[in-house]
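*Asks:*
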Amino acid sequence: MNDQVKNWLKKIDETWDRLTNTTWAKGLRITSGVIWNLALILLIVLLVGGAFAGSVGAGYFASLVDQEPLREEAELRASIFSYEETSEVYFANNVYLGKLRTDLQRRETKLEEVSPYVLDAVYATEDEYFQVHDGIVPKAIFRGLLQDVTNSDSQTGGSTLTQQLIKNQILTNEVSYERKAKEILLAMRLEKFMEKDEILEAYLNIIPYGRNAAGANIAGIETAAEGIFNVKAKDLNLPQAAFIAGIPQAPYAHTPFKSLGDGGGVKDEDGLKPGIDRMLTVLYRMKETGYITEQEYNAAIAYDIKKDFRSPELLPQERYPFLTLELERQAKKIIAEMLAEKDNIDPERLKDEAKLNEKYTILADRAIRTNGYRIYSTIDKEMYDMHQKVKDEFKDYGPTRSLEVYDSETKKNKLKEFPVQIGSMLMENSTGRIISFIGGRDHKIEETNHATFAVRQNGSTMKPLLVYAPAIEYGLIGAGSPVVDIIPDVLDVSTGKPWPVRNFDPDEELGIIPARQALATSQNLAASRLYMNIIDRNPISFLEKLKFTELHKFDYSAPSMALGGMTNGVTIQQNTNAYATLANNGQYVDSYMIEKIEDADGNIVYQHKSETFPVYSPETAYIVTDMLRDVLSDGTGRRAQSVLKFKSDFAAKTGTTSFAKDVWFMGYNPNVTLSIWMGYDKEFNLQTPKNSRYLQPGTRANMIWAKLMNASYDVNPELIDPAVEFKAPKGVVSRSFCAISGMAPSEECSRSGLVTSDLFNSKTYVPNKPDDSFVSSSYVMINGKRYRALPTTPSEFIVSGGVGVNKEFIDRMLGNLGGDASKLFPQNSSFANRVVSEDTFEADGASPGSVSASISGRTLTWSNSPSNDVVGYRVFRSSGGGNELLSSVKEASGNSYQVNSPGTYFVVAVDITGQQSSASNMAVVEAPKPEPTPEPKPAPTPEPKPGTEPKPKPDPKPEPKPEPKPEPKPEPPPVEPEPPGDGEGE
Numbered sequence: 001m002n003d004q005v006k007n008w009l010k011k012i013d014e015t016w017d018r019l020t021n022t023t024w025a026k027g028l029r030i031t032s033g034v035i036w037n038l039a040l041i042l043l044i045v046l047l048v049g050g051a052f053a054g055s056v057g058a059g060y061f062a063s064l065v066d067q068e069p070l071r072e073e074a075e076l077r078a079s080i081f082s083y084e085e086t087s088e089v090y091f092a093n094n095v096y097l098g099k100l101r102t103d104l105q106r107r108e109t110k111l112e113e114v115s116p117y118v119l120d121a122v123y124a125t126e127d128e129y130f131q132v133h134d135g136i137v138p139k140a141i142f143r144g145l146l147q148d149v150t151n152s153d154s155q156t157g158g159s160t161l162t163q164q165l166i167k168n169q170i171l172t173n174e175v176s177y178e179r180k181a182k183e184i185l186l187a188m189r190l191e192k193f194m195e196k197d198e199i200l201e202a203y204l205n206i207i208p209y210g211r212n213a214a215g216a217n218i219a220g221i222e223t224a225a226e227g228i229f230n231v232k233a234k235d236l237n238l239p240q241a242a243f244i245a246g247i248p249q250a251p252y253a254h255t256p257f258k259s260l261g262d263g264g265g266v267k268d269e270d271g272l273k274p275g276i277d278r279m280l281t282v283l284y285r286m287k288e289t290g291y292i293t294e295q296e297y298n299a300a301i302a303y304d305i306k307k308d309f310r311s312p313e314l315l316p317q318e319r320y321p322f323l324t325l326e327l328e329r330q331a332k333k334i335i336a337e338m339l340a341e342k343d344n345i346d347p348e349r350l351k352d353e354a355k356l357n358e359k360y361t362i363l364a365d366r367a368i369r370t371n372g373y374r375i376y377s378t379i380d381k382e383m384y385d386m387h388q389k390v391k392d393e394f395k396d397y398g399p400t401r402s403l404e405v406y407d408s409e410t411k412k413n414k415l416k417e418f419p420v421q422i423g424s425m426l427m428e429n430s431t432g433r434i435i436s437f438i439g440g441r442d443h444k445i446e447e448t449n450h451a452t453f454a455v456r457q458n459g460s461t462m463k464p465l466l467v468y469a470p471a472i473e474y475g476l477i478g479a480g481s482p483v484v485d486i487i488p489d490v491l492d493v494s495t496g497k498p499w500p501v502r503n504f505d506p507d508e509e510l511g512i513i514p515a516r517q518a519l520a521t522s523q524n525l526a527a528s529r530l531y532m533n534i535i536d537r538n539p540i541s542f543l544e545k546l547k548f549t550e551l552h553k554f555d556y557s558a559p560s561m562a563l564g565g566m567t568n569g570v571t572i573q574q575n576t577n578a579y580a581t582l583a584n585n586g587q588y589v590d591s592y593m594i595e596k597i598e599d600a601d602g603n604i605v606y607q608h609k610s611e612t613f614p615v616y617s618p619e620t621a622y623i624v625t626d627m628l629r630d631v632l633s634d635g636t637g638r639r640a641q642s643v644l645k646f647k648s649d650f651a652a653k654t655g656t657t658s659f660a661k662d663v664w665f666m667g668y669n670p671n672v673t674l675s676i677w678m679g680y681d682k683e684f685n686l687q688t689p690k691n692s693r694y695l696q697p698g699t700r701a702n703m704i705w706a707k708l709m710n711a712s713y714d715v716n717p718e719l720i721d722p723a724v725e726f727k728a729p730k731g732v733v734s735r736s737f738c739a740i741s742g743m744a745p746s747e748e749c750s751r752s753g754l755v756t757s758d759l760f761n762s763k764t765y766v767p768n769k770p771d772d773s774f775v776s777s778s779y780v781m782i783n784g785k786r787y788r789a790l791p792t793t794p795s796e797f798i799v800s801g802g803v804g805v806n807k808e809f810i811d812r813m814l815g816n817l818g819g820d821a822s823k824l825f826p827q828n829s830s831f832a833n834r835v836v837s838e839d840t841f842e843a844d845g846a847s848p849g850s851v852s853a854s855i856s857g858r859t860l861t862w863s864n865s866p867s868n869d870v871v872g873y874r875v876f877r878s879s880g881g882g883n884e885l886l887s888s889v890k891e892a893s894g895n896s897y898q899v900n901s902p903g904t905y906f907v908v909a910v911d912i913t914g915q916q917s918s919a920s921n922m923a924v925v926e927a928p929k930p931e932p933t934p935e936p937k938p939a940p941t942p943e944p945k946p947g948t949e950p951k952p953k954p955d956p957k958p959e960p961k962p963e964p965k966p967e968p969k970p971e972p973p974p975v976e977p978e979p980p981g982d983g984e985g986e
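According to UniProt numbering, the sequence shown is numbered sequentially starting from 1.
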């Protein structure tokens, strides 16, 4: 230090000494000392008071959180991430359908999938110091306490994002100091275990955001972005992000949409104002905190946010009610089995134990509403939509019926309308994949899913499954083997009542017909008789393999089962699955509608696996398919064939139940099976009067089946019309046989022209034993039926030289069920002109009753004899020389004869034993009266030629008048005139 500096410091000391020794300086020192001492005393008091208050506060805080357990990291994290997430459903090919029913819709998203605008908006409005605090902001807490103590209306918010997360996921919304204390404690603890990004992501996924366009409650940023603006969370722009960020302060005031009860949709101007004002506030805070620039702010506040609001829309269960509810039901069943298996319980027990099933169904229901599953179905959206369109546009269902039903709400009966319902299913044969279905006409009218849930009798669609396929499998018949279509004369073994089965025309009995024809034209008598021939082999076992789950013990012995007359019935899905089995070479593939299920993290928790097992042999399945081809070409499906716009290798079967309560159409080709059912839910008769505008029930089913198939073809022609046909397995062979017996052709069968051929399953049966059924036969016709002639039967009424069948053949064909043997070969059968039944008519032994005759012009007619054993009639002319037999007219030839000349005629009836009735009344044909000869007109006199004279004309001679002949006196006919000799008459 130099001398100059030392001198300067010395002067400063001298100056300070002079100042401090003055009077006012001494007074200042005393005053400052007192103030300092007082300040020290106050500081001590404040420190002691603060310590006391802090101790009291800390004690109070400790008492508030005393019951709150010290949560470990795993428990705390599990609680935070246990938020509910709505399960979603998809069409085939990952086409989004929508969310399942739930009180709150939510879909989880990752932080990197959220727009940065959203994060900035949340920071600016909800937690400005989120990135730096340790779960709480003390200043905000004290501000909140002060506001509470002073009862201030200014609510600037005191909770961090972490605290809000704790409140929503662990605690409640209860307003109390205890809940707030626990919230602070848990928030600080959570910050030790979780990263900031994890906390922010969880917050964005749990926070409620009001309602979506459909009016449903929503939570989570992804659900809010889609539900409000129909965009992904990552694509939200600045105004949209600000609007959404402002909603949580008052979710239902700030949401732009009305509630579900009010039908959803955008609010009016007054209703939108609170949300828009809040958006402007959020934008202002983002500008003030530096997240956006002044320019961005001005552009955002000028933005018309209302144009971005999503248009009102129906929820998935409103747009696709049958589909959504069915997928939910099936997914619930799958998840219930998964949960049971997780608990080491055999899922099969759920089918038999009601309480166990109820338990896991409840657990599955909770899981499906909260765990955010992704359920992927097999349903093709375009195909499904097209099928619904065809269903809605079809105009020929039939009339709507009305019935009084009991109303549980009003406790009174009320008139309810029942429209004709429809169910349908389109299935892929090789996989069992359900491509589309129709659940009903209108879910608002009737919620029952007629495709998957309703159980109805399946009518004649049962015949291929339970009768013809098993009969071929057992080696009883081939495709064209003869079957008997005659009413049995035994009682129904299951009821003890007369045989209940009749053909569609109750008076129709076709006799012996090919099995192929019987199936194509759906003859009931043939099917029921064939079924009774195999019933002791338990053919219902085939239905058990086809998973017909509603079989009743009475079904195992009822003949009506051959016609689908089940005690309960089947679902359309079961029946469709059964026909797909025929199309799939006899291999059953269980139908399914859910392809896979993923959890919220994208892990596959369920994947469908198709399993096949044999029901029919490939040979039998092909033969039945070949028989069912005829349904479309020559049988009950011809109308459908005429409406189809494309040709494919189709096989089909129709079905109608008793009193036309149900009508079915099942059709398939190598790729797909399409089924149709129509009927009333109250089982009214579908038949309408002939003058009704509606088609008959079977025709309606034909029409809509063809329309649905055409629509399916328009959507996917490669699937619906494959470039392949059904191919016969090696075991299917074509063999010749005698058409009436099914046995190998004999010489007599060949001479009679009765040899035919058709398909057989060579592994079970081919005709090898030569036919032994034929004998020479003469017969008579009585009431349109053929009977063996008796030795005394007049020869002129006998048809001789025919081919007959022996008694053993008749007994074999009629079997234990019996029946009228004379109907084995009725006149309208294909064998009518070639084969005669050997049935003998039991005559009554009395002379036949007489007839009444009359003449009209030259036609002599007569009435039928009242006797039932008449084989024909004899026509006589009565004259003075006796009675002349003019003709013998067979009973089947009609009751008339053309006379050639005047005279007196009468008719007698002749029975099968040769006895003759008394003569009818006389029928007289008068001789014609001669016409008078006209006077001849004189010929004109010719002009004479010049130079000639006219010659005189001789007088005409008068013609003699004919003398009238005396009328012959008719002689009374003999009571029993002798029959004419052989060879006379017709």
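Just so it is clear, CB atoms sit at the ideal spot from N, CA and C, and this is done for glycine as well.
On the DSSP letters alone, give me the boundaries of the beta strand (DSSP E) that Tyr-668 sits inside.
*Replies:* 662-668
*Asks:* Mapping the DSSP letters down to three states, classify Glu-862 as helix, strand or coil.
*Replies:* Before going further, note that residue 862 is Trp rather than Glu in the sequence given. Reduced to three states, the DSSP call for Trp-862 is strand.
*Asks:* Just to confirm before moving on: does the CB-CB distance between Ala-909 and Val-875 stay below 7 angstroms?
*Replies:* no
*Asks:* Within 10 Å of its beta-carbon, does Ala-558 have 16 or more other beta-carbons around it, so buried, or fewer, so exposed?
*Replies:* buried
*Asks:* Under 7 angstroms, do Phe-665 and Ile-676 count as touching if we go by C-beta distance?
*Replies:* yes
*Asks:* When DSSP labels each residue in this structure, what does Arg-310 get in the three-state scheme?
*Replies:* Note: Arg-310 maps to coil in three-state DSSP.
*Asks:* Going by Cα to Cα distance, which pick from Ile-379, Pro-470 and Glu-417 is closest to Ile-434?
*Replies:* Ile-379
*Asks:* Going by Cα to Cα distance, which pick from Glu-195, Asn-710, Glu-884 and Asp-120 is closest to Tyr-291?
*Replies:* Selected option, being the one with the closest Cα: Asp-120.
*Asks:* Identify the continuous beta strand (DSSP E) that holds Arg-629 and give its terminal residues.
*Replies:* Run containing Arg-629: none in the beta strand (DSSP E); it sits in the alpha helix (DSSP H), 618-634.
*Asks:* Cβ of Val-483 within 7 angstroms of Cβ of Leu-530?
*Replies:* yes
*Asks:* What residue range does the beta strand (DSSP E) around Asp-911 cover?
*Replies:* 903-911
*Asks:* Run through DSSP, which three-state label would Thr-657 get?
*Replies:* coil
*Asks:* For Asn-603, is the classification buried or exposed, using 16 other Cβ atoms within 10 angstroms of its Cβ as the cut-off for buried?
*Replies:* exposed
*Asks:* Let's test the definition: count the other Cβ atoms within 10 Å of the Cβ of Asn-761 and tell me whether it reaches 16, buried, or not, exposed.
*Replies:* buried
*Asks:* Using 7 angstroms as the threshold, is the C-beta distance between Ser-87 and Tyr-373 below it?
*Replies:* yes
*Asks:* Run the CB neighbour count on Glu-619, radius 10 Å, all protein chains shown included, and call it buried at 16 or more, exposed below.
*Replies:* buried
*Asks:* Counting C-beta neighbours from all protein chains within 10 Å, is the total for Pro-826 16 or more, i.e. buried, or is it exposed?
*Replies:* Pro-826 counts as buried, since no fewer than 16 other beta carbons sit within 10 angstroms of its beta carbon.
*Asks:* Asp-505: buried (16+ other C-beta within 10 angstroms of its C-beta) or exposed?
*Replies:* exposed
*Asks:* With a threshold of 16 other CB atoms inside 10 Å of the CB of Glu-269, please say whether the residue is buried or exposed.
*Replies:* exposed
*Asks:* Expressed to the nearest angstrom, what Euclidean distance is found between the alpha-carbon atoms of residue 987 and Val-836?
*Replies:* Outside the displayed range of the chain (1 to 986) lies residue 987, so it cannot be described from this structure.
*Asks:* Does the separation of the CB atoms of Pro-239 and Tyr-297 fall below 7 angstroms?
*Replies:* no
*Asks:* What residue range is occupied by the uninterrupted beta strand (DSSP E) comprising Asp-485?
*Replies:* The continuous beta strand (DSSP E) containing Asp-485 extends over residues 482-485.
*Asks:* At the level of alpha carbons, what is the spacing between His-254 and Gly-264?
*Replies:* Rounded to the nearest angstrom, the two C-alpha atoms are 15 angstroms apart.
*Asks:* Would you give the residue range spanned by the alpha helix (DSSP H) that Asn-168 belongs to?
*Replies:* 161-169
*Asks:* Buried or exposed for Gln-295, going by 16 or more other Cβ atoms inside 10 Å?
*Replies:* Exposed: under 16 other Cβ atoms inside 10 Å.
*Asks:* Do Arg-369 and Thr-102 come within 7 angstroms of each other at the CB atom, strictly closer than that value?
*Replies:* yes
*Asks:* Use the C-beta contact count for Val-137: other C-beta atoms within 10 angstroms, 16 or more gives buried, fewer gives exposed.
*Replies:* So Val-137 ends up on the buried side.
*Asks:* Reducing DSSP to helix, strand and coil, say where Ala-300 ends up.
*Replies:* helix
*Asks:* What are the boundary residues of the beta strand (DSSP E) that Glu-353 is part of?
*Replies:* Neither: Glu-353 is in no beta strand (DSSP E) and is coded neither H nor E.
*Asks:* What would DSSP say about Pro-689, mapped onto helix, strand or coil?
*Replies:* coil
*Asks:* Could you pull out every unbroken beta strand (DSSP E) segment of at least 3 residues lying fully inside the region 369-441, listed in chain order?
*Replies:* Within the region 369-441, the complete beta strand (DSSP E) runs of at least 3 residues are 374-377, 401-407, 412-418, 421-428 and 434-438.
*Asks:* Among Asn-371, Ser-773, Ser-82 and Thr-756, whose alpha-carbon lies nearest the alpha-carbon of Asp-599?
*Replies:* Asn-371
*Asks:* Which residue from Ser-436, Glu-884, Gly-857 and Ala-652 puts its Cα closest to that of Met-425?
*Replies:* Ser-436
*Asks:* Since Thr-125 is in the alpha helix (DSSP H), which residue starts that stretch and which ends it?
*Replies:* From DSSP, the alpha helix (DSSP H) with Thr-125 extends over 116-126.
*Asks:* Going by DSSP, what residues sit across from Thr-756 in a beta bridge?
*Replies:* Phe-737
*Asks:* Which residues in the same chain have their Cβ closer than 6 angstroms to the Cβ of Thr-800, if we skip the five residues on either side of it in sequence?
*Replies:* For clarity, residue 800 is Ser in the given sequence; the question names Thr instead. For Ser-800, where only same-chain residues beyond five positions count, the Cβ hits under 6 angstroms are Ser-778.
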